[in-house]
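Protein chains in written order, with my numbering: chain A, 1 to 314; chain B, 1001 to 1299. Ideal Cβ placement from N, Cα and C applies to all residues, glycine included. Source: prediction; values computed, not measured. Working notes, structure below.
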Amino acid sequence: MDTSRSYLEPSSFSKKMAAAIIIVYAVITLIPISWMVMTSFKNVDSAISYPPEVLFEPSLEGYVNLFTNRSRQSQEYLDSLPPPDNWYEELVRSREMVITGPSKFLGRYSNSMIIGFGSTFASVFLGALAAYAFSRFRVPLKDDLLFFILSTRMFPPIAVAVPIFIMYRKLGLGDTHLGMIILYTVVNLSLAVWLLKGFMDEIPKEYEEAAMIDGYSRLQAFFKVVLPQAMTGIAATAIFCMIFSWNEYAFAVLLTQFNAQTAPPFIPTIIGEGGLDWPAIGAGTTLFLLPVMIFTIILRKHLLRGITFGAVRK
Amino acid sequence: MNVKKKFKGLSDKAVGWLFIGPTVLLLLAINIYPLVYAIKMSFTNFYANKIGREPQFVGLKNYIKVLNKEAIWEKMQVTASFMFWTLLLQAIIGLGLALLLNRKFKGNELLTTLIVLPMMLSPAVVGVFWTYLYNPQVGLFNYVVNFFYDLGSFDMIGSSTLAPWAIVIVDTWMWTPFTMLICLAGLRSVPNYLYEAAEVDRASKWQQFIYITLPSVLPFLLLALLFRGIENFKMFDMVVELTSGGPGSATELASINLKREAFEKWKTGYSSAFAVILFVTIFGFGNVYVKVMNKIKER
């Protein structure tokens, strides 16, 4: 019978109400993020006008300021220069300044990339090995080991930062890419092992046993049969590790200064004349948050599964 | 029948240790060793910036100093009230949103993704851009508040009564989606036959909510709050960039104070003792909480 609506199906009115409230919440929650993106396209004056400007003439000043260092010059000096070669130089000169060189942003951004990808690869690889062993073999003290791995996540980073700082200074790992990659790998390992163990548990043992009967060794079976099967889980875990490394601040600010500093400690230091240069900070923030937002939207299924799945397992 | 011996290559036992070994070694080297080192230093008067000066054993002096310091208890209070308000708000709003999203309307999945965005962002960078939103002269937050209710000029970060709320608002904005997602997982795990049986028994919607929905989602909610509780006890990055603990020490959470003692005053021995106390506190509370949570689950 068509009239029998399921008992459990909410009425269409209550669905509409729910949708309306959720949409309002989503809009409110997205305002701060959209505002930062909008600010990145304002010029310095319109970023500090009150009431805040919702409609404004877009400008790339923030992005130009983000990528360059500038110095203020007298009008006579500016007049004595040959005409500007390109649009960004023209923009800077209209502010009575000249470009003195590229800023550190690109370097910090690529540090974030190197350290992020390096540590993600390492923690997913090591995590997959350990997860497989925990999932398949009889390991002595298995539960204790697993809890030990999890408990390392409870330390406040500052609590271990001083010893790591001293240790790294002795080993020459302070302010290096390698040092930060090792550190983030370790911080991510516990999560990687726990998440991946859940995914490995779901892969039937029979797959690799069949492969081994066909003459594969255990190692070959792992790399050629199990790993490809676990790709979804590996992708989800990798995203989490990447997001953590990309966003991490406490260790980065305490252990790096010049060589290996990542973007999060750098962005707050972007200062213009007379206070913070909001369009440039907006531009830095936008470029920094963009990869994560794109990732989140494209890979939402894995991601949402990973969050709830990891939590429910623990 | 022992078939496994016939397979070629390393034995399972060897592969097992080969696979687990690197992880355990790395955790021991970069996590456990520093922790033991910190515990050792907490009994000395070591200053990490004075190389060459032999640290001396001072017994429990650092611990006594930390526990007798009134300022430390103030920081603990700031941390506790930050945790109380953020967890309360995130529990209520997160559960509410999850209940609404569970109605499976059209566009549900896309909206979930959009709501989740804030928690994917870098807390430090979030802290920086909220200083702009909270700016008393040009901030969007202040403008919106004044648009609805004329407060005149107010400074969320500069006032010691408002600053604690400033960090609570940002944390709630960022992390409510986390509670929401976990609760949603809980709601989706409730088997349909429970509701069908309740309908047969003519239980009202309200009764179904109280006797079926709430008890099934509660363990999930408590779990989400455990994770958020641990994270917020350690909270550092967002608050440092937003208020840097100020004004005065109105928002100086335990971790921020720890960083000041350890990396600005370089009192390594003293700050290690403080770190150990924090660690024991979080572990103790965590354990009790998990026990209570398991009791509730069993009921």
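In the DSSP assignment, the beta strand (DSSP E) including residue i goes from what residue to what residue?
i, result
"residue 68/A", "68-72"
"residue 139/A", "Taken as a continuous stretch (DSSP letters only), residue 139/A belongs to no beta strand (DSSP E), as it is neither H nor E."
"residue 98/A", "97-102"
Going by other Cβ atoms of all chains shown within 10 Å of its Cβ, with 16 needed for buried, is residue i buried or exposed?
i, result
"residue 329/A", "Outside the displayed span of chain A (1 to 314) sits residue 329/A, for which this structure offers no information."
"residue 1271/B", "buried"
"residue 99/A", "buried"
"residue 1002/B", "Any reading at residue 1002/B needs caution, since the residue's pLDDT is 46, under 50, leaving its predicted position unreliable; the model's value is listed next. Classification for residue 1002/B: exposed."
"residue 231/A", "exposed"
"residue 1241/B", "buried"
"residue 1287/B", "exposed"
"residue 1031/B", "buried"
"residue 317/A", "What is shown of chain A runs 1 to 314, which leaves residue 317/A out entirely."
"residue 1004/B", "Note that residue 1004/B scores 48 on pLDDT, short of 50, meaning its location in the model is unreliable; the coordinates nonetheless yield the value given after this. Label assigned to residue 1004/B: exposed."
"residue 3/A", "Here the model assigns residue 3/A a pLDDT of 40, short of 50, so the residue's position is not dependable and the matter cannot be decided."
"residue 1066/B", "buried"
"residue 277/A", "buried"
"residue 249/A", "buried"
"residue 1284/B", "exposed"
"residue 1056/B", "exposed"
"residue 1130/B", "buried"
"residue 1200/B", "exposed"
"residue 5/A", "Residue confidence is low: residue 5/A scores 45 on pLDDT, short of 50, so the model does not pin down where it sits. Its coordinate-derived value is still stated next. That one is exposed."
"residue 313/A", "Residue confidence is low: residue 313/A scores 48 on pLDDT, short of 50, so the model does not pin down where it sits. No coordinate-derived value is stated."
"residue 1077/B", "exposed"
"residue 1/A", "Residue placement at residue 1/A is flagged as unreliable, the pLDDT there being 37, under the threshold of 50; the coordinate-derived value follows with that caveat. Classification for residue 1/A: exposed."
Give the range of the alpha helix (DSSP H) segment to which residue i is assigned.
i, result
"residue 264/A", "263-266"
"residue 1285/B", "1268-1298"
"residue 179/A", "177-202"
"residue 1029/B", "It is not in any alpha helix (DSSP H) - residue 1029/B carries neither H nor E in the DSSP assignment."
"residue 77/A", "75-80"
"residue 205/A", "205-213"
"residue 1179/B", "1163-1188"
"residue 1036/B", "1033-1041"
"residue 15/A", "12-40"
"residue 1213/B", "Element bounds for residue 1213/B: n/a, residue is neither H nor E."
"residue 92/A", "87-94"
"residue 226/A", "Where residue 226/A is concerned, there is no enclosing alpha helix (DSSP H), given that its DSSP letter is neither H nor E."
"residue 1054/B", "Here residue 1054/B belongs to no alpha helix (DSSP H), and DSSP marks it neither H nor E."
Relative to the C-alpha of residue i, which residue among the options is closest?
i, options, result
"residue 88/A", "74/A, 69/A, 24/A", "69/A"
"residue 41/A", "50/A, 57/A, 30/A, 107/A", "57/A"
"residue 157/A", "285/A, 253/A, 14/A", "253/A"
"residue 116/A", "292/A, 160/A, 20/A, 48/A", "292/A"
"residue 1300/B", "1274/B, 1116/B, 1235/B, 1265/B", "This structure does not reach residue 1300/B, given that chain B is present from 1001 up to 1299, and the question cannot be answered."
"residue 62/A", "299/A, 298/A, 296/A, 281/A", "281/A"
"residue 257/A", "12/A, 220/A, 49/A, 173/A", "173/A"
"residue 1157/B", "1034/B, 1028/B, 1244/B, 1112/B", "1244/B"
"residue 1125/B", "283/A, 65/A, 76/A, 268/A", "268/A"
"residue 121/A", "28/A, 215/A, 188/A", "188/A"
"residue 76/A", "51/A, 97/A, 67/A, 65/A", "97/A"
"residue 33/A", "1154/B, 1137/B, 1141/B", "1141/B"
Any beta carbon of chain E sitting closer than 8 Å to that of residue i?
i, result
"residue 1298/B", "The chain labelled as chain E is not found among the protein chains of the depicted structure, namely A and B."
Counting Cβ pairs, one atom from each stretch, are 3 or more of them under 8 Å apart for the region 1157-1168 of chain B and the region 1243-1257 of chain B? In this structure the region 1157-1168 of chain B touches the region 1243-1257 of chain B; the number of beta carbon pairs closer than 8 Å is three or more.
Note down, in chain order, all residues in the region 245-261 of chain A with a beta-carbon under 9 Å from any beta-carbon belonging to chain B. Flagged, chain order: 246, 247, 248, 249, 250, 252, 253, 254.
Using a Cβ-Cβ cutoff of 7 Å, what residues of the region 1076-1096 of chain B are near chain A? List them in chain order. When C-beta distances to chain A are compared with 7 Å, every residue of the region 1076-1096 of chain B stays at or above that value.
Check distances from the C-beta atoms of the region 11-23 of chain A to those of chain B and list, in chain order, the residues that come in under 8 Å. So the close ones are 14, 15, 16, 18, 19, 21, 22, 23.
Anything in the region 1024-1038 of chain B with a Cβ closer than 9 Å to a Cβ of chain A? List those residues in chain order, please. Cβ contacts with chain A: 1024, 1026, 1027, 1029, 1030, 1031, 1032, 1033, 1034, 1035, 1036, 1037, 1038.
Residues from the region 1117-1129 of chain B in contact with chain A, defined by Cβ distance under 7 Å: Going along the region 1117-1129 of chain B in chain order, one finds 1117, 1118, 1120, 1121, 1122, 1123, 1124, 1125, 1128, 1129 with a Cβ nearer than 7 Å to chain A.
Within 8 Å, do at least three Cβ pairs link the region 195-204 of chain A to the region 230-245 of chain A? Proximity of the region 230-245 of chain A to the region 195-204 of chain A meets the contact definition, three or more beta-carbon pairs being nearer than 8 Å.
Between the region 1214-1226 of chain B and the region 1284-1298 of chain B, do three or more beta carbon pairs fall short of 8 Å? The answer is yes - the region 1284-1298 of chain B touches the region 1214-1226 of chain B, with three or more Cβ pairs under 8 Å.
Closer than 8 Å is the cut-off here; do at least three beta carbon pairs connect the region 1221-1231 of chain B with the region 1087-1095 of chain B? Yes, the region 1221-1231 of chain B is in contact with the region 1087-1095 of chain B.
Residues of the region 1244-1269 of chain B with Cβ closer than 7 Å to any Cβ of chain A, in chain order: 1255, 1258, 1259, 1262, 1263, 1268: these are the residues of the region 1244-1269 of chain B whose beta carbon lies less than 7 Å from some beta carbon of chain A, given in chain order.
Evaluate the contact criterion for the region 1263-1277 of chain B versus the region 1029-1049 of chain B: three or more CB pairs, one atom per stretch, below 8 Å. The region 1263-1277 of chain B is in contact with the region 1029-1049 of chain B.
Quick check: the region 1118-1135 of chain B against the region 240-249 of chain A, are there 3 or more CB pairs under 8 Å? Cβ pair count under 8 Å is three or more, so yes.
Can you confirm whether the region 1186-1199 of chain B touches the region 1059-1073 of chain B when touching is taken to mean that 3 or more C-beta pairs between the two stretches lie within less than 8 Å? By the Cβ test, the region 1059-1073 of chain B is not in contact with the region 1186-1199 of chain B, since fewer than three Cβ pairs between them sit closer than 8 Å.
For the structure I just gave you, are there three or more beta carbon pairs, one from the region 1097-1105 of chain B and one from the region 1168-1187 of chain B, closer than 8 Å? A contact exists between the region 1097-1105 of chain B and the region 1168-1187 of chain B.
Residues of the region 27-55 of chain A whose Cβ lies closer than 8 Å to any Cβ of chain B, in chain order: Of all residues in the region 27-55 of chain A, only 29, 30, 31, 32, 33, 35, 36, 39, 47, 48, 49, 50, 51, 52 place a beta-carbon less than 8 Å from a beta-carbon of chain B.
Hey, is the region 150-168 of chain A in contact with the region 179-194 of chain A, meaning 3+ C-beta pairs nearer than 8 Å? They touch, by the three-pair rule.
Residues, ordered as in the chain, of the region 276-300 of chain A that lie near chain B by beta-carbon distance below 9 Å: Cβ contacts with chain B come from 276, 278, 281, 282, 284, 285, 288, 289, 292, 293, 295, 296, 297, 300.
Tell me, please, whether the region 92-110 of chain A touches the region 121-139 of chain A by the rule of three or more beta-carbon pairs shorter than 8 Å. In short, these stretches do not touch, since the Cβ pair count stays below three.
Residues in the region 1129-1141 of chain B having any Cβ partner in chain A nearer than 9 Å: Answer set for the region 1129-1141 of chain B: 1129, 1130, 1131, 1132, 1133, 1135, 1137, 1138, 1139, 1140, 1141.
Spell out a yes or no on whether the region 159-177 of chain A and the region 1262-1271 of chain B are touching, meaning 3 or more CB-CB pairs, one atom from each, closer than 8 Å. Proximity of the region 159-177 of chain A to the region 1262-1271 of chain B meets the contact definition, three or more beta-carbon pairs being nearer than 8 Å.
Measuring CB atoms only, is the region 257-270 of chain A touching the region 33-51 of chain A, in the sense that at least three cross pairs come out at less than 8 Å? With a cut-off of 8 Å, the region 33-51 of chain A and the region 257-270 of chain A do not count as touching, because too few Cβ pairs lie within range.
If contact means a Cβ-Cβ distance below 9 Å, which residues of the region 133-161 of chain A contact chain B? The region 133-161 of chain A vs chain B, Cβ under 9 Å: 133, 134, 136, 137, 138, 139, 145, 148, 149, 151, 152, 153, 154, 155, 156, 157, 158, 159, 160, 161.
What are the residues in the region 163-192 of chain A lying within 8 Å of chain B by C-beta distance? From the region 163-192 of chain A, only 163, 164, 165, 166, 167, 182, 183, 185, 186, 189, 190 have a Cβ closer than 8 Å to chain B.
Counting only Cβ-Cβ distances shorter than 8 Å, please list the residues of the region 120-132 of chain A near chain B, keeping chain order. Cβ proximity to chain B below 8 Å picks out 126, 127, 129, 130, 132 from the region 120-132 of chain A.
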